[in-house]
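Enquirer: Here numbering that gives the first Met the number 0 is used: the first residue of the sequence shown is 0, the next is one more, and so on.
We treat Cβ as the ideally placed atom computed from N, Cα and C, and that holds for glycine.
No experiment lies behind these values; they were computed from the predicted model shown.
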Amino acid sequence: MNKRNSSVKFMTQLSLLIAVEIVMKLIGLGMVPIGPLKMSFLTVPVAIGAVVLGPSTGAILGFVFGIISFYDALSGASVMTSTFLSISPVHTFILCVVTRTIMGWLVGMIAQGLKKGMKGNARYFIASFFAPFLNTVFFMGYICIAFYNTDYVQALCSSLGATNPLMFVVLLVGLQGLIEVLACTIVGGACSKGIDVVVNK
């Protein structure tokens, strides 16, 4: 009975976090268009789920995040990923979905490691930091691997004055990346701490 109750409790928590991701997307808080990119705050529920419920939950929520991103590519809501989709659907799926799934799983693994080796509340914020950080590293890194030599990216490089992949990433992400990291670290860390206390009770 306890095992069944635990399973129901887990599914309820997971469903709520997935619902939060979908609602954030629907009301425009999930992905805010900034130039060719979209500033994403969907890393917040991914971080919370990964920190509180573990790597598998982080992977599932990262997958949902990725599917939302891939839908934007299919629907044309994202100019960048829609352009990538026309170049290579497979690479675009990896870019949108696979990288986010791996990101969520890794955040959960990092959170577990910090839980074993660190006491205090700092671990919640450190683990949450890695959600937007890894999301940016994986997303932009894969763009450089799969799409850097395309006409679209080279045109962006030219407009930004970027002469190499690293400069391209820094100039394109810029302030947007910093805002994402700060928001997810603060909100994700605080929410993870609060929810973890409630869940453990």
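One question on the structure: do L94 and I142 come within less than 8 Å of each other, judged by their Cβ atoms?
Expert: yes
Enquirer: Per DSSP, what kind of secondary structure is G119 in: helix, strand or coil?
Expert: coil
Enquirer: Once you ignore the five residues that flank R122 on each side, which residues in its own chain have a CB closer than 8 Å to its CB?
Expert: If we look at R122 and ignore the five residues flanking it on each side, its Cβ neighbours are A110, L113, K114.
Enquirer: First and last residue of the alpha helix (DSSP H) that includes V169?
Expert: 164-182
Enquirer: Under three-state DSSP, which class holds F146?
Expert: coil
Enquirer: Under a three-way DSSP split, which group does A18 fall into?
Expert: Here A18 sits in helix by DSSP.
Enquirer: Can you tell me which of Q175, T80, I125, L181 puts its alpha carbon nearest to the alpha carbon of Y151?
Expert: T80
Enquirer: Taking 6 Å as the limit between beta carbons, can you name the residues of its chain near D195, skipping five residues before and five after?
Expert: V51
Enquirer: Buried or exposed: V43, going by 16 or more other Cβ atoms within 10 Å of its Cβ?
Expert: buried
Enquirer: Do A154 and S87 have their beta-carbon atoms positioned less than 8 Å apart in this structure?
Expert: no
Enquirer: Just the C-alpha distance for N148 and S5, rounded to the nearest angstrom, thanks.
Expert: 49 Å
Enquirer: What separation, rounded to the nearest whole angstrom, lies between the Cα atoms of R99 and V136?
Expert: 11 Å
Enquirer: Within 10 Å of its beta-carbon, does V180 have 16 or more other beta-carbons around it, so buried, or fewer, so exposed?
Expert: buried
Enquirer: Please return the same chain residues whose Cβ sits closer than 6 Å to the Cβ of N134, not counting the five positions on each side in sequence.
Expert: T42, M102
Enquirer: Contact check, A130 vs G187 under 8 Å by CB: the rounded distance?
Expert: 6 Å
Enquirer: With a Cβ-Cβ cutoff of 8 Å, do L105 and L60 count as a contact?
Expert: no
Enquirer: Terminal residues of the continuous alpha helix (DSSP H) containing L94?
Expert: Taken as a continuous stretch (DSSP letters only), L94 belongs to no alpha helix (DSSP H), as it is neither H nor E.
Enquirer: Tell me which same chain residues have a C-beta within less than 7 Å of the C-beta of G57, skipping the five on either side of it?
Expert: V45, G48, A49, G103, W104, V106, G107
Enquirer: In the DSSP assignment, find the alpha helix (DSSP H) that holds A58 and state where it starts and stops.
Expert: 54-74
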